[in-house]
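Counting with this note's numbering, you get residues 41 to 99 for the letters of the sequence shown.
The beta carbon of each residue, even a glycine, is placed where N, CA and C say it ideally should be.
Bear in mind the structure is a predicted one, so any value in this text is a computation, not a measurement.
Working notes, structure below.
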Amino acid sequence: MSEQQAIFLINIALITLLAMAILFDRSDYSQGLVADLIKVSVSGYIGYMQGRLQGGAPR
């Protein structure tokens with residue numbers, strides 16, 4: 041997989057997760073907990089992919 045393809049896939053995943061976070065934030069039962077979990081997993085995923093793109097070992 042080329043670097044451009046990886047960045048493209050990351051962008052699609054982030055947009056999808058952001059939309060999910062917005063939808064979950066608007067629902068009554070979540071109280072922001074699901075959105076917080078999504079944000080944490082997104083930031084971890086970004087760090088992991090940046091490490092992969094730079095050629096380092098997965099963290």
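Distance, Cα to Cα, residue i vs residue j?
i, j, result
"Ala61", "Ile78", "7 angstroms"
"Phe48", "Ala59", "17 angstroms"
"Met41", "Leu63", "31 angstroms"
"Leu93", "Asn51", "14 angstroms"
"Asp76", "Gly84", "12 angstroms"
"Ile86", "Ala46", "11 angstroms"
"Gly91", "Leu57", "20 angstroms"
"Met89", "Gln44", "12 angstroms"
What would DSSP say about residue i, mapped onto helix, strand or coil?
i, result
"Gly95", "coil"
"Met129", "With the chain represented from 41 up to 99, any question about residue 129 goes unanswered, as that position is not in the structure."
"Met41", "coil"
Taking Cβ to Cβ, would you say residue i is nearer than 8 angstroms to residue j?
i, j, result
"Leu54", "Val80", "no"
Return yes when the C-beta of residue i is under 7 angstroms from any heavy atom of the ligand MG, and no when it is not.
i, result
"Ala59", "Ligands displayed in this structure: none; no statement on the ligand MG is therefore possible."
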